[in-house]
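Peer 1: For the sequence shown, position 24 matches number 444 in the numbering used here, and the numbering has no gaps at all.
Would you mind keeping the following structure in view while I ask a few things?
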Amino acid sequence: MKTLACPHCQTKVPECANVCTGCGAEIVRGPTKRERSQIGLAFLCGAFLLLAVGLRAWQVKTGSTRLPPPNSDAALFLIIGAIALLTLAYISGKTAGRFRRRSQVRFFRSYRHQ
421 MKTLACPHCQ TKVPECANVC TGCGAEIVRG PTKRERSQIG LAFLCGAFLL LAVGLRAWQV
481 KTGSTRLPPP NSDAALFLII GAIALLTLAY ISGKTAGRFR RRSQVRFFRS YRHQ
């Protein structure tokens, strides 16, 4: 069985453990919330760029460089579609972030000072 060394107490801990047997430090696997958010934002930026290029290609294809009037149904669907695409890109980026560094192991220990 593979073991990990706790950085706090140097105790050998089984890889499948959730807590260090020596000092009680919590063992957490995978990326942090911040890392997942950064990956989600990268996907969001990519989707925004894709949306801008796709919108421009649609304008060139139809021969019109103008967007639909703001009070039309087409404008509403365009805005709702853009929001849905960007939201989906962010969520899928955060989900992909979970798989990116799922083998990363961190030890967390809270010290109580008196």
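We treat Cβ as the ideally placed atom computed from N, Cα and C, and that holds for glycine.
For the candidate residues Leu505, Gly450, Ile511 and Phe519, whose alpha-carbon lies nearest to that of glycine 474?
Peer 2: The shortest Cα separation from glycine 474 among Leu505, Gly450, Ile511 and Phe519 belongs to Leu505.
Peer 1: What does DSSP give as the partner residue(s) for lysine 432 in the beta ladder?
Peer 2: For lysine 432, which the question treats as bridged, DSSP gives the partners Ala425.
Peer 1: Counting C-beta neighbours from all protein chains within 10 Å, is the total for cysteine 426 16 or more, i.e. buried, or is it exposed?
Peer 2: Burial call: buried.
Peer 1: Can you tell me whether cysteine 440 is buried or exposed? The criterion is at least 16 other CB atoms within 10 Å of its CB, across all chains shown.
Peer 2: That one is buried.
Peer 1: Compare the C-alpha of serine 530 against each of Arg520, Thr423 and Glu446 and name the closest.
Peer 2: The shortest C-alpha separation from serine 530 is found at Glu446.
Peer 1: Assign leucine 496 to buried or exposed, taking buried as 16 or more other Cβ atoms, counted over all protein chains shown, within 10 Å of its Cβ.
Peer 2: Leucine 496 should be labelled exposed.
Peer 1: Count the other CB atoms within 10 Å of the CB of phenylalanine 463; is the residue buried (16 or more) or exposed (fewer)?
Peer 2: Buried, because 16 or more other Cβ atoms sit within 10 Å of the Cβ of phenylalanine 463.
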